[in-house]
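> Before I ask anything, here is the structure I am working with.
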Amino acid sequence: MNRSESDLQVSIKKACSADETAPKRKHVRACIVFSWDHRSSKAFWNGLKILPLQDDEIKLFKALITIHKVLQEGHPTCLKEGIKNRDWIESLGAIVHNDGYKNYGRLIREYDRYLLRKLDFHRNHRGFNGTFEYEEYVSLSTVSDPDEGYEAILDLMSLQDAIDDLQRLIFATISHNKSSECKISALVPLIAESYGIYKFITSMLRAMHTTTGSDEALEPLRDRYNAQHSRLYEFYADCSSVRYLTSLITIPKLQLSPP
């Protein structure tokens with residue numbers, strides 16, 4: 000192991016410590032920067048695998064947050080190598096039975112399930128980056144094929160529903176004491192991801208309205224979009240009321256009515 004890999008291992012270990020606090024940004028950032036510097040995340044995945052995550056629910060939960068952020072912000076190979084490590088990621092969801100000793104059991108299982116859904120989406124739609132920024136999706140290529148565009152939007156909407164389910168579970172488990180900061184910090188990548196998906200779907204629907212010229216064909220998508228807009232508005236309003244969360248991320252502001 001060379002010096003940079005040794006430093007990476009220290010950062011991974013610190014990001015996934017047993018302290019019931021948010022993974023420190025500098026440690027997660029070090030994992031992300033390493034992937035860009037080396038155009039690879041193999042050392043990151045290998046470093047995670049040697050941690051004794053089965054020993055502690057908090058370590059495991061923080062590992063899921065760290066994985067999520069690296070998939071979002073790391074070099075594109077992070078997604079490819081994440082897909083290759085899908086079975087191992089899936090195994091993390093089976094470590095804690097029932098609620099666990101520290102009441103993280105269900106959160107871990109549902110968060111793990113969400114990450115698997117995210118990886119499956121990226122495996123099927125390789126044009127998207129980790130935060131679903133549509134500028135990265137070359138010339139909105141799916142719009143030229145309405146069926147493919149329709150399918151991409153449906154899959155994104157399913158992912159958005161999964162984010163909504165997970166954020167509701169997180170909010171249901173947090174209290175107003177400092178020990179909740181660990182759980183609250185998991186909302187940060189969910190906020191970023193949900194907003195990226197929302198912006199892409201909004202842009203895509205507009206493009207499809209232009210290319211198909213058929214409001215009737217797109218009506219089911221539009222109805223679902225409107226319902227998701229309302230839930231997203233409430234999600235961001237809930238997030239805005241958590242002072243610790245607003246210190247970590249700028250909460251998007253949506254109009255009350257869908258565009």
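Using numbering that gives the first Met the number 0, you'd call the opening residue of the sequence shown number 0 and step up by one each time. Glycine included, every Cβ here is placed at the ideal spot set by N, Cα and C. This structure is a prediction, so every number in the text was calculated from the model and none was measured.
#1: Which of the three DSSP states, helix, strand or coil, is assigned to PHE170?
#2: First and last residue of the alpha helix (DSSP H) that includes GLY81?
#3: Thinking C-beta only, is GLY129 closer than 8 Å to LEU279?
#4: Below 8 Å CB to CB, which residues in the same chain sit around GLN159 once its five sequence neighbours on both sides are set aside?
#5: Check whether the region 145-156 touches the region 75-87, taking contact to mean three or more Cβ pairs, one atom from each stretch, closer than 8 Å.
#6: Specify the secondary structure class of PRO188 as computed by DSSP and reduced to three states.
#7: Buried or exposed for TYR224, please, with buried defined as at least 16 other CB atoms from any protein chain shown within 10 angstroms of its CB.
#8: By the 10 Å Cβ neighbour count, where 16 or more other Cβ atoms means buried, how is GLU72 classified, buried or exposed?
#9: Could you tell me the boundaries of the alpha helix (DSSP H) in which HIS37 lies?
#10: Just reading off the alpha helix (DSSP H) that THR245 is part of, what are its end residues?
#11: What number of angstroms, rounded off, separates the C-alpha of LEU62 from the C-alpha of TYR110?
Walking through what the data contain:
#1: The sequence position of residue 170 within the sequence shown is 171, counting from 1. If DSSP states are grouped into helix, strand and coil, PHE170 belongs with the helices.
#2: Residue numbering aside, residue 81 sits at position 82 when the sequence shown is read from its first letter. That run of the alpha helix (DSSP H) goes 76-83.
#3: Because residue 279 is not part of the residues shown, which for the chain are 0 to 258, the question remains open.
#4: For the purposes of this step, residue 159 is taken as residue 160 along the sequence shown, with counting starting at 1. Counting only Cβ-Cβ distances below 8 Å, and skipping sequence neighbours, we find SER193, ILE196, TYR197, ILE200, GLN227, LEU231.
#5: no
#6: Your numbering for residue 188 matches position 189 in the sequence shown. PRO188: helix per DSSP, three-state reduction.
#7: Translated into positions along the sequence shown, residue 224 becomes position 225. Buried is the call here.
#8: Taking the sequence shown and counting its residues from 1, one reaches residue 72 at position 73. It counts as buried.
#9: To locate residue 37, count along the sequence shown from 1; it is residue 38. Taken as a continuous stretch (DSSP letters only), the alpha helix (DSSP H) holding HIS37 covers 24-37.
#10: Position 246 of the sequence shown, counted from the first residue, corresponds to residue 245. It spans 242-245 - the alpha helix (DSSP H) in which THR245 sits, taken as one unbroken run.
#11: Along the sequence shown, one-based indexing puts residue 62 at 63. Along the sequence shown, one-based indexing puts residue 110 at 111. In the sequence as displayed, the identity of residue 62 is Ala instead of Leu. Cα to Cα, ALA62 sits roughly 11 Å from TYR110.
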